[in-house]
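Below you'll find the structure, written out as structure tokens, and then a few comments.
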Amino acid sequence: MKKHNFSAGPAILPASVMEEAARAAIDFNGMGLSILEISHRSKEFEAVMAEAEQLVRDLSGAGDEYGVLFLSGGASSQFFMAPMNLLNEEDTACYVDSGVWAAKAIKEAKNFGKIEVAASSKESNYSFIPKSYALSPAAKYLHLTSNNTIYGTQLHELPETDLPIVCDMSSDMFSRPIDMERYGLIYAGAQKNLGPAGVTLVMVKKDLLGHVSRKLPAMLDYRTHIEGESMYNTPPVFPIYVMMLTLRWVAAQGGLDAMALHNVQKAQLLYNEIDANPCFKGTVAEEDRSLMNVCFLPEKAEYEAPFMEACKAAGLVGLKGHRSVGGFRASIYNAMSQESVQVLTDVMRDFAQRVG
Ligand SMILES: *Cc1c(COP(=O)(O)O)cnc(C)c1O
């Protein structure tokens with residue numbers, strides 16, 4: 008019997024993807040070999056890579072002006088790789104400080120250029136998304152975090168600006184349509200919504216590259232990976248394969264419009280329960296609520312342990328909130344079913360009847 012996995016990351020993947028990945032770990036494409044032991048230069052893996060890239064392009068609408076890369080080092084490596092490739096020491100970039108990941112991106116970027124923090128919600132423990140702020144027109148880019156995994160806030164509208172947007176989409180990539188032309192660079196660690204840990208998806212507009220004067224190590228230069236088609240060195244073969252299967256699944260569900268509808272419905276079900284249930288309350292500004300990570304607190308501290316027990320008994324796992332928010336966090340990424348969210352809301356309602 009499978010558990011209902013509400014973990015923030017590494018996180019739930021579609022069951023069909025895990026079944027196919029498990030089969031490929033034994034015998035890939037009838038080759039008599041595991042995908043774990045074949046060359047990344049084999050035609051079988053080259054086909055996986057080509058399909059993964061095509062799926063990314065089809066889903067996002069990114070044309071040839073973007074490089075699509077499958078890199079290692081996690082989203083955290085993009086915190087430094089993006090400014091290294093896009094900013095000279097004397098250049099300015101604007102950052103919005105909307106959570107701990109954004110703050111880490113700011114800290115790393117400061118090593119490579121002049122960083123202006125355009126807005127921050129740190130003073131209110133990142134419980135909202137800063138809006139209406141001034142941006143230096145001379146800035147090279149604006150860095151945003153589309154979904155703040157720890158706090159449960161999400162950007163529902165892009166700020167008005169002509170600056171290219173560099174965006175950390177680690178926890179909501181391909182959960183909804185993307186207005187691709189607004190972005191200069193998008194990056195996402197796979198382990199929240201795209202696949203297993205070990206690969207990071209990067210989409211970068213090629214004309215933004217090649218303008219910095221610093222020397223870049225080959226592995227940290229996006230152009231190396233564009234030219235090498237993410238095969239300059241051995242790529243993370245198995246994570247890329249599982250991401251490709253996950254993207255196939257997203258496409259088969261109807262693509263990003265279908266994902267968005269599915270995600271809105273699940274989130275509404277859960278937020279409606281939080282708002283109606285006398286035992287729980289939400290933690291963030293309503294207009295900024297995340298459709299991916301739903302954070303909520305018990306109305307009384309003494310509810311916390313018995314509610315966790317009730318969740319455990321019902322097979323619901325991964326619901327403990329991050330220590331910086333406390334309470335509970337239900338991560339309801341693409342692969343999470345409406346039925347599993349319903350099991351959670353049923354447990355919440357039963358709990359309120361029991362203690363109320
Ligand atoms: C998880 C997460 C990261 C860190 O990703 P790693 O792949 O572990 O480096 C960065 N940004 C956001 C928004 C995240 O959710």
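Be aware that the sequence shown starts at 8, since it is given in this note's numbering, and climbs by one per residue. Ideal placement from N, C-alpha and C gives every residue a C-beta, glycine not left out.
Buried versus exposed, by CB contacts within 10 Å (16 or more), residue i
i	result
Ser177	buried
Thr241	exposed
Pro305	buried
Gly68	exposed
Arg330	exposed
Met56	buried
Gln161	buried
Asp175	buried
Lys147	buried
Asp89	For the record, residue 89 in the displayed sequence is Ala; it is not Asp. Classification for Ala89: buried.
Ala141	exposed
Pro21	buried
Glu280	buried
Met299	buried
Pro171	buried
Pro224	exposed
Ligand 1 heavy atom lying under 6 Å from the CB of residue i
i	result
Ala195	no
Leu108	Correcting the residue type first, residue 108 is Trp in the shown sequence and not Leu. Checking every heavy atom of ligand 1 against the Cβ of Trp108, one is found closer than 6 Å.
Asp104	no
Asp175	yes
Gly81	yes
Ser23	no
Ser139	no
Ser178	yes
Thr99	no
Thr156	yes
CB contact flag (residue i, residue j, <7 Å)
i	j	result
Ile233	Gly74	yes
Ala359	Pro285	yes
Ser128	Phe135	yes
Leu201	Met238	no
Asn36	Glu51	yes
Val209	Gly191	no
Val265	Thr156	First, the amino acid is wrong: residue 265 is Ala here, not Val. No, they are not a contact pair.
Ser95	Ser220	The sequence shown places Asn at residue 95, rather than the Ser named in the question. Yes; because the gap between Cβ atoms is below 7 Å, this pair is in contact.
Tyr340	Ile19	yes
Val324	Asn12	yes
Gly322	Lys10	yes
Lys117	Phe86	no
Asn92	Tyr229	yes
Gly120	Asp98	yes
Ala195	Met180	yes
Nearest-angstrom Cβ-Cβ length linking residue i and residue j, presumed shorter than 8 Å
i	j	result
Ser105	Pro137	6 Å
His150	Val103	7 Å
Val348	Lys273	5 Å
Pro243	Ser79	6 Å
Val301	Arg356	Incorrect: roughly 16 Å between the Cβ atoms, too far for contact.
Ala109	Thr152	4 Å
Cys318	Val354	6 Å
Counterpart residues of residue i in DSSP-defined beta bridges
i	result
Met210	Val75, Ile193
Lys327	Phe335
Phe303	Gly289, Phe335
His11	Leu323
Val124	Tyr102
Asn155	Thr160
Any non-hydrogen atom of ligand 2 within 6 Å of residue i CB
i	result
Lys10	Ligands present in the displayed structure are limited to ligand 1, and ligand 2 is not among them.
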